[in-house]
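What follows is one structure encoded as C-alpha coordinates, with my remarks underneath.
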(Lines of atoms letter the chains of each structure in order from A and count residues from 1; the text may use other names and numbers.)
(Lines give C-alpha, C1' and ligand atoms only; values in the text may rest on other atoms or scores of the structure.)
Protein backbone atom coordinates (compact mmCIF):
# COMPACT_ATOMS: atom_id res chain seq x y z
CA UNK A 1 0.00 0.00 0.00
CA UNK A 2 2.84 2.38 0.84
CA UNK A 3 4.44 1.61 -2.56
CA UNK A 4 1.22 2.59 -4.35
CA UNK A 5 1.03 5.81 -2.35
CA UNK A 6 4.68 6.50 -3.22
CA UNK A 7 4.07 5.92 -6.93
CA UNK A 8 1.08 8.28 -6.97
CA UNK A 9 3.02 10.89 -5.00
CA UNK A 10 5.99 10.56 -7.40
CA UNK A 11 3.84 11.22 -10.45
CA UNK A 12 2.25 14.21 -8.69
CA UNK A 13 5.67 15.64 -7.79
CA UNK A 14 6.84 15.15 -11.38
CA UNK A 15 3.87 17.09 -12.72
CA UNK A 16 4.48 19.86 -10.18
CA UNK A 17 8.17 20.14 -11.10
CA UNK A 18 7.45 20.19 -14.82
CA UNK A 19 4.88 22.93 -14.36
CA UNK A 20 7.23 25.01 -12.19
CA UNK A 21 10.19 24.86 -14.60
CA UNK A 22 7.83 25.13 -17.58
CA UNK A 23 9.41 22.09 -19.22
CA UNK A 24 7.55 20.08 -21.84
CA UNK A 25 8.38 16.51 -22.84
CA UNK A 26 7.67 16.21 -26.52
CA UNK A 27 7.73 12.44 -27.04
CA UNK A 28 4.80 10.60 -25.49
CA UNK A 29 6.88 7.45 -25.15
CA UNK A 30 9.58 9.33 -23.30
CA UNK A 31 6.91 11.04 -21.14
CA UNK A 32 5.44 7.68 -20.15
CA UNK A 33 8.91 6.28 -19.47
CA UNK A 34 9.78 9.22 -17.22
CA UNK A 35 6.48 8.82 -15.32
CA UNK A 36 7.06 5.10 -14.86
CA UNK A 37 10.64 5.67 -13.73
CA UNK A 38 9.67 8.35 -11.21
CA UNK A 39 6.75 6.22 -9.99
CA UNK A 40 9.05 3.23 -9.48
CA UNK A 41 11.63 5.41 -7.72
CA UNK A 42 9.12 6.84 -5.25
CA UNK A 43 7.48 3.43 -4.85
CA UNK A 44 10.88 1.96 -3.94
CA UNK A 45 11.62 4.77 -1.49
CA UNK A 46 8.23 4.35 0.21
CA UNK A 47 8.67 0.57 0.24
CA UNK A 48 11.93 0.87 2.17
CA UNK A 49 10.40 3.51 4.45
CA UNK A 50 7.19 1.52 4.98
CA UNK A 51 8.58 -0.37 7.99
CA UNK A 52 9.61 2.85 9.70
CA UNK A 53 6.32 4.59 8.83
CA UNK A 54 4.28 1.60 10.00
CA UNK A 55 6.24 1.44 13.28
CA UNK A 56 5.76 5.17 13.81
CA UNK A 57 2.01 4.93 13.13
CA UNK A 58 1.71 1.93 15.44
CA UNK A 59 3.46 3.85 18.24
CA UNK A 60 1.17 6.83 17.70
CA UNK A 61 -1.99 4.69 17.80
CA UNK A 62 -0.78 2.76 20.86
CA UNK A 63 -0.08 5.99 22.73
CA UNK A 64 -3.46 7.33 21.64
CA UNK A 65 -5.16 4.13 22.81
CA UNK A 66 -3.38 4.26 26.17
CA UNK A 67 -4.30 7.91 26.53
CA UNK A 68 -7.97 7.17 25.83
CA UNK A 69 -8.00 4.18 28.21
CA UNK A 70 -6.98 6.44 31.09
CA UNK A 71 -9.86 8.81 30.41
CA UNK A 72 -13.37 8.38 31.83
CA UNK A 73 -15.89 7.22 29.19
CA UNK A 74 -17.80 10.48 29.45
CA UNK A 75 -14.64 12.52 28.76
CA UNK A 76 -13.94 10.43 25.65
CA UNK A 77 -17.51 10.90 24.41
CA UNK A 78 -17.39 14.65 25.03
CA UNK A 79 -13.96 14.88 23.39
CA UNK A 80 -15.16 13.08 20.26
CA UNK A 81 -18.13 15.44 20.11
CA UNK A 82 -15.67 18.34 20.27
CA UNK A 83 -13.63 16.89 17.40
CA UNK A 84 -16.77 16.56 15.27
CA UNK A 85 -17.71 20.19 15.96
CA UNK A 86 -14.12 21.25 15.17
CA UNK A 87 -14.15 19.39 11.83
CA UNK A 88 -17.46 21.01 10.89
CA UNK A 89 -15.99 24.45 11.64
CA UNK A 90 -12.85 23.54 9.65
CA UNK A 91 -15.01 22.55 6.68
CA UNK A 92 -16.78 25.90 6.77
CA UNK A 93 -13.47 27.75 7.15
CA UNK A 94 -11.70 25.98 4.27
CA UNK A 95 -14.58 26.02 1.80
CA UNK A 96 -13.55 29.41 0.32
CA UNK A 97 -9.94 28.17 -0.06
CA UNK A 98 -10.95 25.38 -2.45
CA UNK A 99 -11.64 27.90 -5.22
CA UNK A 100 -8.34 29.79 -4.81
CA UNK A 101 -5.27 29.19 -6.96
CA UNK A 102 -1.78 30.72 -7.20
CA UNK A 103 0.50 30.93 -10.23
CA UNK A 104 2.95 28.06 -10.66
CA UNK A 105 1.88 26.09 -7.54
CA UNK A 106 -1.85 26.22 -8.26
CA UNK A 107 -4.04 25.26 -5.29
CA UNK A 108 -1.52 22.86 -3.70
CA UNK A 109 -0.62 25.28 -0.94
CA UNK A 110 -4.29 25.79 -0.12
CA UNK A 111 -4.82 22.02 0.09
CA UNK A 112 -1.94 21.84 2.57
CA UNK A 113 -3.39 24.79 4.46
CA UNK A 114 -6.80 23.07 4.57
CA UNK A 115 -5.23 19.93 6.05
CA UNK A 116 -3.52 22.02 8.73
CA UNK A 117 -6.81 23.81 9.51
CA UNK A 118 -8.68 20.50 9.80
CA UNK A 119 -6.04 19.10 12.16
CA UNK A 120 -5.95 22.32 14.18
CA UNK A 121 -9.72 22.68 14.56
CA UNK A 122 -10.13 18.98 15.37
CA UNK A 123 -7.45 19.14 18.06
CA UNK A 124 -8.86 22.41 19.38
CA UNK A 125 -12.35 20.89 19.60
CA UNK A 126 -10.99 17.91 21.55
CA UNK A 127 -8.99 20.09 23.96
CA UNK A 128 -11.85 22.48 24.68
CA UNK A 129 -14.49 19.76 25.10
CA UNK A 130 -12.34 17.47 27.25
CA UNK A 131 -10.91 20.30 29.34
CA UNK A 132 -14.12 20.67 31.35
CA UNK A 133 -15.46 17.12 31.68
CA UNK A 134 -16.66 17.79 35.21
CA UNK A 135 -19.14 20.37 33.96
CA UNK A 136 -21.07 17.92 31.78
CA UNK A 137 -21.56 14.99 34.20
CA UNK A 138 -23.62 17.19 36.50
CA UNK A 139 -26.29 17.56 33.86
CA UNK A 140 -26.05 13.93 32.77
CA UNK A 141 -26.03 12.78 36.39
CA UNK A 142 -29.23 14.67 37.14
CA UNK A 143 -30.94 13.00 34.20
CA UNK A 144 -29.44 9.65 35.21
CA UNK A 145 -30.62 10.06 38.81
CA UNK A 146 -34.14 10.81 37.62
CA UNK A 147 -34.10 7.69 35.42
CA UNK A 148 -32.71 5.52 38.22
CA UNK A 149 -35.27 6.92 40.64
CA UNK A 150 -38.12 6.20 38.23
CA UNK A 151 -36.72 2.73 37.58
CA UNK A 152 -36.56 2.01 41.30
CA UNK A 153 -40.10 3.27 41.81
CA UNK A 154 -41.35 1.11 38.95
CA UNK A 155 -39.41 -1.86 40.29
CA UNK A 156 -40.88 -1.25 43.72
CA UNK A 157 -44.39 -1.09 42.31
CA UNK A 158 -43.88 -4.26 40.31
CA UNK A 159 -42.18 -6.21 43.09
CA UNK A 160 -44.87 -5.43 45.67
CA UNK A 161 -47.21 -7.90 44.02
CA UNK A 162 -49.71 -9.41 46.43
CA UNK A 163 -50.52 -12.17 43.94
CA UNK A 164 -47.10 -13.70 44.59
CA UNK A 165 -47.10 -16.70 46.90
CA UNK A 166 -44.02 -18.13 48.58
CA UNK A 167 -44.01 -21.84 49.35
CA UNK A 168 -42.10 -23.01 52.40
CA UNK A 169 -40.58 -26.38 53.19
CA UNK A 170 -43.42 -27.63 55.40
CA UNK A 171 -45.99 -27.21 52.61
CA UNK A 172 -43.87 -29.14 50.12
CA UNK A 173 -43.33 -31.98 52.58
CA UNK A 174 -47.05 -32.00 53.42
CA UNK A 175 -47.96 -32.43 49.73
CA UNK A 176 -51.59 -31.31 49.90
CA UNK A 177 -50.75 -28.24 47.86
CA UNK A 178 -50.76 -30.50 44.80
CA UNK A 179 -54.48 -31.16 45.26
CA UNK A 180 -55.16 -27.46 45.83
CA UNK A 181 -53.35 -26.64 42.59
CA UNK A 182 -55.26 -29.31 40.66
CA UNK A 183 -58.65 -27.87 41.64
CA UNK A 184 -57.53 -24.34 40.60
CA UNK A 185 -57.80 -22.83 44.07
CA UNK A 186 -54.54 -20.92 43.59
CA UNK A 187 -54.13 -17.83 41.43
CA UNK A 188 -51.07 -15.71 40.74
CA UNK A 189 -47.46 -16.81 40.69
CA UNK A 190 -46.02 -19.48 42.99
CA UNK A 191 -42.43 -18.93 44.06
CA UNK A 192 -40.16 -21.62 45.49
CA UNK A 193 -36.86 -20.05 46.61
CA UNK A 194 -33.71 -22.03 45.97
CA UNK A 195 -32.85 -21.88 49.68
CA UNK A 196 -36.06 -23.84 50.37
CA UNK A 197 -34.98 -26.47 47.84
CA UNK A 198 -31.57 -26.61 49.52
CA UNK A 199 -33.26 -27.26 52.87
CA UNK A 200 -35.35 -30.01 51.28
CA UNK A 201 -32.20 -31.54 49.81
CA UNK A 202 -30.52 -31.41 53.21
CA UNK A 203 -33.51 -33.19 54.79
CA UNK A 204 -33.52 -35.77 51.97
CA UNK A 205 -29.85 -36.51 52.72
CA UNK A 206 -30.50 -36.99 56.44
CA UNK A 207 -29.31 -40.25 58.03
CA UNK A 208 -32.68 -40.45 59.80
CA UNK A 209 -35.04 -42.63 57.73
CA UNK A 210 -38.16 -40.61 58.56
CA UNK A 211 -36.55 -37.25 57.76
CA UNK A 212 -35.04 -38.64 54.57
CA UNK A 213 -38.44 -39.89 53.41
CA UNK A 214 -40.06 -36.52 54.16
CA UNK A 215 -37.35 -34.66 52.25
CA UNK A 216 -37.72 -36.91 49.22
CA UNK A 217 -41.49 -36.49 49.28
CA UNK A 218 -41.02 -32.72 49.27
CA UNK A 219 -38.71 -32.91 46.25
CA UNK A 220 -41.23 -35.14 44.46
CA UNK A 221 -43.93 -32.56 45.13
CA UNK A 222 -41.74 -29.85 43.57
CA UNK A 223 -41.27 -32.05 40.52
CA UNK A 224 -45.04 -32.58 40.19
CA UNK A 225 -45.74 -28.85 40.51
CA UNK A 226 -43.21 -28.11 37.75
CA UNK A 227 -44.99 -30.60 35.48
CA UNK A 228 -48.28 -28.71 35.83
CA UNK A 229 -48.43 -26.36 32.83
CA UNK A 230 -51.44 -24.48 34.22
CA UNK A 231 -49.55 -23.07 37.19
CA UNK A 232 -47.20 -20.09 37.02
CA UNK A 233 -44.17 -21.35 38.94
CA UNK A 234 -40.84 -19.61 39.49
CA UNK A 235 -37.77 -21.12 41.13
CA UNK A 236 -36.18 -17.97 42.53
CA UNK A 237 -32.44 -17.56 43.09
CA UNK A 238 -33.03 -14.57 45.36
CA UNK A 239 -31.13 -15.15 48.58
CA UNK A 240 -30.04 -13.40 51.74
CA UNK A 241 -26.57 -14.74 52.59
CA UNK A 242 -26.39 -12.67 55.77
CA UNK A 243 -29.48 -14.49 57.12
CA UNK A 244 -28.94 -18.08 58.23
CA UNK A 245 -32.44 -19.37 59.08
CA UNK A 246 -34.67 -20.40 56.18
CA UNK A 247 -37.80 -19.10 57.92
CA UNK A 248 -36.16 -15.69 58.42
CA UNK A 249 -35.19 -15.62 54.74
CA UNK A 250 -38.79 -16.37 53.77
CA UNK A 251 -40.06 -13.53 55.93
CA UNK A 252 -37.52 -11.12 54.43
CA UNK A 253 -38.41 -12.31 50.91
CA UNK A 254 -42.10 -11.70 51.62
CA UNK A 255 -41.40 -8.22 53.02
CA UNK A 256 -39.35 -7.26 49.96
CA UNK A 257 -41.83 -8.54 47.37
CA UNK A 258 -45.20 -8.22 49.10
CA UNK A 259 -45.77 -11.95 48.65
CA UNK A 260 -47.96 -14.16 50.82
CA UNK A 261 -46.47 -17.24 52.47
CA UNK A 262 -47.85 -20.76 52.09
CA UNK A 263 -46.95 -22.62 55.27
CA UNK A 264 -48.03 -25.25 57.76
CA UNK A 265 -45.40 -24.13 60.28
CA UNK A 266 -47.15 -22.87 63.41
CA UNK A 267 -44.22 -20.73 64.60
CA UNK A 268 -43.60 -19.20 61.17
CA UNK A 269 -47.32 -18.44 60.98
CA UNK A 270 -47.22 -16.52 64.26
CA UNK A 271 -44.06 -14.54 63.42
CA UNK A 272 -45.48 -13.61 60.01
CA UNK A 273 -48.69 -12.38 61.66
CA UNK A 274 -46.65 -10.15 63.98
CA UNK A 275 -44.77 -8.68 61.00
CA UNK A 276 -47.96 -8.06 59.05
CA UNK A 277 -47.24 -10.69 56.40
CA UNK A 278 -50.23 -12.57 55.01
CA UNK A 279 -50.05 -16.32 55.63
CA UNK A 280 -51.95 -19.04 53.78
CA UNK A 281 -52.03 -21.98 56.17
CA UNK A 282 -53.11 -25.23 54.53
CA UNK A 283 -54.08 -26.66 57.91
CA UNK A 284 -56.45 -23.74 58.42
CA UNK A 285 -57.90 -24.35 54.96
CA UNK A 286 -58.32 -28.05 55.68
CA UNK A 287 -59.95 -27.35 59.03
CA UNK A 288 -62.31 -24.86 57.45
CA UNK A 289 -63.44 -27.57 55.02
CA UNK A 290 -64.02 -30.19 57.69
CA UNK A 291 -67.43 -31.19 58.92
CA UNK A 292 -68.76 -28.82 61.55
CA UNK A 293 -69.88 -30.45 64.77
CA UNK A 294 -71.49 -28.96 67.83
CA UNK A 295 -71.57 -30.17 71.43
CA UNK A 296 -74.49 -32.53 71.94
CA UNK A 297 -74.42 -33.98 68.40
CA UNK A 298 -74.45 -37.73 67.97
CA UNK A 299 -71.83 -39.47 65.80
CA UNK A 300 -70.68 -43.00 65.16
CA UNK A 301 -66.98 -43.63 65.65
CA UNK A 302 -64.68 -46.63 65.66
CA UNK A 303 -62.21 -46.62 68.54
CA UNK A 304 -58.91 -47.82 67.06
CA UNK A 305 -56.27 -47.09 69.67
CA UNK A 306 -55.54 -45.91 73.19
CA UNK A 307 -55.31 -42.18 73.87
CA UNK A 308 -52.57 -40.28 75.67
CA UNK A 309 -54.58 -39.60 78.80
CA UNK A 310 -55.83 -42.28 81.14
CA UNK A 311 -58.70 -44.45 79.85
CA UNK A 312 -59.01 -42.44 76.62
CA UNK A 313 -59.66 -44.04 73.24
CA UNK A 314 -58.95 -42.48 69.85
CA UNK A 315 -60.74 -42.70 66.52
CA UNK A 316 -60.83 -40.67 63.29
CA UNK A 317 -63.48 -39.24 61.01
CA UNK A 318 -63.27 -39.83 57.25
CA UNK A 319 -61.61 -36.42 56.77
CA UNK A 320 -58.87 -37.35 59.24
CA UNK A 321 -60.17 -35.38 62.21
CA UNK A 322 -59.05 -36.92 65.49
CA UNK A 323 -61.82 -37.95 67.87
CA UNK A 324 -60.94 -38.52 71.52
CA UNK A 325 -63.34 -40.86 73.32
CA UNK A 326 -63.50 -40.33 77.07
CA UNK A 327 -63.35 -43.63 78.97
CA UNK A 328 -62.99 -45.38 75.60
CA UNK A 329 -59.94 -47.50 76.35
CA UNK A 330 -62.02 -50.60 76.87
CA UNK A 331 -63.93 -49.95 73.62
CA UNK A 332 -60.94 -50.31 71.25
CA UNK A 333 -61.93 -52.18 68.08
CA UNK A 334 -65.63 -51.37 68.44
CA UNK A 335 -67.95 -48.98 66.58
CA UNK A 336 -70.00 -46.99 69.02
CA UNK A 337 -72.43 -44.10 69.07
CA UNK A 338 -71.02 -41.10 70.89
CA UNK A 339 -72.11 -37.66 72.04
CA UNK A 340 -69.90 -34.68 71.28
CA UNK A 341 -68.81 -32.92 74.46
CA UNK A 342 -66.40 -30.27 73.07
CA UNK A 343 -64.37 -29.24 70.00
CA UNK A 344 -60.79 -27.92 70.11
CA UNK A 345 -59.69 -25.92 67.04
CA UNK A 346 -56.02 -24.96 66.45
CA UNK A 347 -53.77 -24.26 63.45
CA UNK A 348 -52.39 -27.74 63.93
CA UNK A 349 -55.84 -29.22 63.44
CA UNK A 350 -59.17 -29.93 65.07
CA UNK A 351 -59.86 -32.39 67.86
CA UNK A 352 -63.34 -33.58 68.83
CA UNK A 353 -63.98 -34.87 72.33
CA UNK A 354 -66.84 -37.33 72.73
CA UNK A 355 -68.31 -39.66 75.30
CA UNK A 356 -69.87 -43.04 74.61
CA UNK A 357 -73.62 -42.75 74.46
CA UNK A 358 -75.36 -44.79 77.10
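Residue numbers (full-length UniProt numbering): 1 to 358.
No residue lacks a Cβ here, since even glycine has one placed at the ideal position from N, Cα and C.
Just so it is clear, the structure is predicted and the values come from calculations on it, not from any experiment.
**Asked** By DSSP, does residue 49 sit in helix, in strand, or in coil?
**Response** It is helical.
**Message:** Is it the case that the stretch 244 to 254 contacts the stretch 191 to 206, given that we only count it when at least three CB pairs across the two stretches are under 8 Å?
**Reply:** Yes, since at least three Cβ pairs between the stretch 191 to 206 and the stretch 244 to 254 fall closer than 8 Å, the two stretches touch.
**Message:** Quick check on residue 171: buried or exposed, where buried means 16 or more other Cβ atoms within 10 Å of its Cβ?
**Reply:** Burial state of residue 171 is buried, judged by a 10 Å Cβ sphere holding 16 or more other Cβ atoms.
**Asked** Between which two residues does the alpha helix (DSSP H) carrying residue 283 extend?
**Response** That run of the alpha helix (DSSP H) goes 282 to 289.
**Item:** Extent of the continuous beta strand (DSSP E) to which residue 224 belongs
**Value:** Annotation for residue 224: no beta strand (DSSP E) segment contains it, though the alpha helix (DSSP H) segment containing it runs 209 to 227.
**Asked** beta strand (DSSP E) containing residue 325: first to last residue?
**Response** 322 to 326 is the extent of the beta strand (DSSP E) around residue 325.
**Asked** Should residue 290 be listed as close to the ligand SAH, given that the test is whether its C-beta is under 7 Å from any heavy atom?
**Response** Among the components of this structure there are no ligands whatsoever, and the ligand SAH is therefore not found.
**Message:** Measuring only the C-alpha atoms, how far is residue 79 from residue 272?
**Reply:** Cα to Cα, residue 79 sits roughly 56 Å from residue 272.
**Request:** Give me the Cα-Cα distance between residue 116 and residue 34, rounded to the nearest whole angstrom.
**Result:** Rounded to whole angstroms, residue 116 to residue 34 spans 32 Å at the Cα level.
**Helix, strand or coil at residue 236 [DSSP, three-state]** = Strand, per DSSP.
**Item:** Buried or exposed (CB count within 10 angstroms, at least 16 for buried), residue 169
**Value:** It is buried - the Cβ of residue 169 has at least 16 other Cβ atoms within 10 Å.
**Residues near residue 356 in its chain [Cβ-Cβ closer than 6 Å; skip 5 each side]** = Within the same chain, Cβ atoms closer than 6 Å to the Cβ of residue 356 are found at 336 and 338, the five residues on either side in sequence being excluded.
**Message:** Looking only at its chain, what residues have a beta carbon closer than 7 Å to the beta carbon of residue 163, apart from the 5 residues adjacent to it on each side?
**Reply:** Scanning its chain for C-beta atoms nearer than 7 Å, with the 5 sequence neighbours on each side dropped, one finds around residue 163 the residues 187, 188 and 189, in chain order.
**Asked** How many Å lie between residue 294 and residue 358 at the Cα?
**Response** C-alpha separation (whole angstroms): 19 Å.
**Asked** Is the beta carbon of residue 167 sitting closer than 8 Å to the one on residue 183?
**Response** Residue 183 sits away from residue 167, with the two beta carbons spaced by 8 Å or more.
**Prompt:** Considering residue 277, what are the terminal residues of the alpha helix (DSSP H) in which it resides?
**Reply:** Unbroken run through residue 277: none, as it is neither H nor E.
**Request:** Please classify residue 279: is it buried, with 16 or more other beta-carbons within 10 angstroms of its beta-carbon, or exposed?
**Result:** By the neighbour-count criterion, in which 16 or more other beta carbons inside 10 Å mark a residue as buried, residue 279 falls on the buried side.
**DSSP state of residue 83 mapped onto helix, strand, coil** = DSSP places residue 83 within a helical segment (H, G or I) once states are collapsed to three.
**Request:** Helix, strand or coil for residue 309, going by three-state DSSP, please let me know.
**Result:** If DSSP states are grouped into helix, strand and coil, residue 309 belongs with coil.
**Asked** Which of the three DSSP states, helix, strand or coil, is assigned to residue 63?
**Response** It is helical.
**Item:** Exposure of residue 88, with buried meaning 16 or more beta-carbon neighbours within 10 Å
**Value:** Label assigned to residue 88: exposed.
**residue 185 - containing alpha helix (DSSP H), residue span** = Neither: residue 185 is in no alpha helix (DSSP H) and is coded neither H nor E.
**Prompt:** Quick one: Cα of residue 312 to Cα of residue 290, how far?
**Reply:** For residue 312 and residue 290, the gap between their C-alpha atoms comes out near 23 Å.
**Item:** Endpoints, alpha helix (DSSP H) assigned at residue 243
**Value:** Premise fails: residue 243 is in no alpha helix (DSSP H) and is neither H nor E.
**Prompt:** Cβ of residue 233 within 8 Å of Cβ of residue 223?
**Reply:** No. Outside cutoff.
**CA-to-CA distance, residue 353 to residue 297, given in whole angstroms** = Answer to the nearest angstrom: the Cα atoms are 11 Å apart.
**Asked** From 221, 345 and 32, pick the residue whose C-alpha is nearest to that of residue 288; which is it?
**Response** Looking at the Cα atoms, 345 is the closest of the given residues.
**Message:** So residue 282 and residue 254 are supposed to be a Cβ contact under 8 Å. How far apart are they, rounded?
**Reply:** Between residue 282 and residue 254, the beta carbon gap of about 17 Å keeps them out of contact (Cβ cut-off 8 Å).
**Limits of the beta strand (DSSP E) - the one that residue 166 falls within** = Unbroken beta strand (DSSP E) run through residue 166: 165 to 167.
**Message:** Can you give me the C-alpha to C-alpha distance between residue 66 and residue 118, rounded to a whole angstrom?
**Reply:** Spanning the two alpha carbons is a distance of roughly 24 Å.
**Item:** Start-to-end residues for the beta strand (DSSP E) that takes in residue 331
**Value:** Looking at the DSSP string, residue 331 is not in any beta strand (DSSP E), and its letter there is neither H nor E.
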